[in-house]
Amino acid sequence: MSKIFKDGDFPKDFFFQIGSLFISIIVVHTIFLLFIDPAAALQIEIANNENRAPDRTLAIILKDFEQEACIMLAIWALSIMWIKWRRVHEQTNLLLTDVLGTSSNQSISIEEIIKLEDNLSLKSHGLLKDSLLAGLQTFSVSKNVHEAASSSHLACDQEADRMESELSMIRYIIWAIPSIGFIGTVRGIGEALSQAHIAVEGDIAGMTASLGVAFNSTFVALVVSIFLMFFLHQLQLTQDLLVLDAHEYCNKNLLNKLQ
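With the first letter of the sequence shown counted as 1, position 66 gets the number 90 in the numbering used here; the numbers rise by one all the way through.
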């Protein structure tokens, strides 16, 4: 357990996710307390005095706690996607450098492999470093370029699987947001049905407001989830391109130079 907390990325990711969740809760709730809730309360009061349903302004659409929870989760998901995009960006920048420190036409001999392994071991964990190191270590043992290529590409694919699995929390959040919206729908419809006897007497303001809760929560949840899915697919595209570029980098700068 101590080794995991010392060397692994899990604690950093875990603490970042918890911290970003708390920050999103504080920021969104503060905005709602200062702006959304007062504006919605004022519009509801005006509508009640005029015996009508309030207009569908932004404050009215967002005023319920289901919509607030959806926005909190959306900001949380965006913060997680941002940190993962930054890591991909850092790895992509490495592809523009000569990580091995060899010239473009220089072949890599057996004698140079140990030195290259030592240099790579000092670098931080990452897709490119792990792929190059796997290829060098396999070649130093087997002296076979094909086996080195298989090890290098396998390391790339394993890192791609790891990056894909790290998106599971984001997918869960995107799934949870419409679910929260549907909870608001059920709550709103339930409140509307409980006021059916009042509507029969001619006062439909309460029933209309409750139905507004039902529709607004679903509307906000679906819009937010569509918005997040766009950024999630962009992140996945960036990660896939990184893996493909890493394969090409290993072929060009390492595997084709082994002898």
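In this text, a Cβ means the ideal position worked out from N, Cα and C, and glycines have one as well.
The C-beta separation of Leu-278 from Leu-156 comes to about 6 Å, placing the pair in contact by the 8 Å criterion. Within the same chain, Cβ atoms closer than 7 Å to the Cβ of Ile-194 are found at Ala-101, Ile-104, Met-105 and Leu-256, the five residues on either side in sequence being excluded. With fewer than 16 neighbouring CB atoms inside 10 Å of its own CB, Glu-74 falls in the exposed class. Take Ser-48, set aside five residues on each side of it, and the residues of its chain with a beta-carbon closer than 6 Å to its own are Met-96, Ile-99 and Trp-100, in chain order.
For the options Lys-108, Ile-201, Ile-68 and Gln-182, the alpha carbon positioned closest to that of Leu-268 is the one of Gln-182.
Here Asn-75 carries a coil assignment [DSSP, helix/strand/coil]. Thr-162 counts as buried, since no fewer than 16 other beta carbons sit within 10 angstroms of its beta carbon. When rounded, the separation of the alpha-carbon atoms in Gly-236 and Ala-83 is 12 Å. Membership of Lys-167 in any alpha helix (DSSP H) is not indicated, and neither H nor E is assigned to it by DSSP.
Fully enclosed alpha helix (DSSP H) runs of no fewer than 4 residues are not present anywhere in the stretch 180-214. Excluding the 5 residues flanking it on each side, Thr-242 has same chain C-beta neighbours closer than 6 Å at Gly-205 and Thr-209, in chain order.
The Cβ atoms of Met-187 and Gln-263 lie closer than 8 Å to each other. For Val-123, the secondary structure class from DSSP, reduced to helix, strand or coil, is coil.
Glu-114 sits exposed, since fewer than 16 C-beta atoms from the chains shown fall within 10 Å of its C-beta. Judged by beta-carbon spacing, His-53 lies beyond the 8 Å limit of Cys-180, meaning their Cβ atoms are not closer than that value. Around the beta carbon of Ser-203, fewer than 16 other beta carbons lie within 10 angstroms, which makes this residue exposed. When the beta-carbon positions are compared, Gly-150 and Ser-176 stay at least 8 Å from each other.
Between Glu-92 and Phe-56, the gap from beta carbon to beta carbon is short of 8 Å. Contact between Ile-201 and Val-248 holds, with the beta-carbon distance rounding to 6 Å and staying under 8 Å. By the Cβ neighbour-count rule, Lys-167 is exposed, with fewer than 16 other Cβ atoms within 10 Å of its own.
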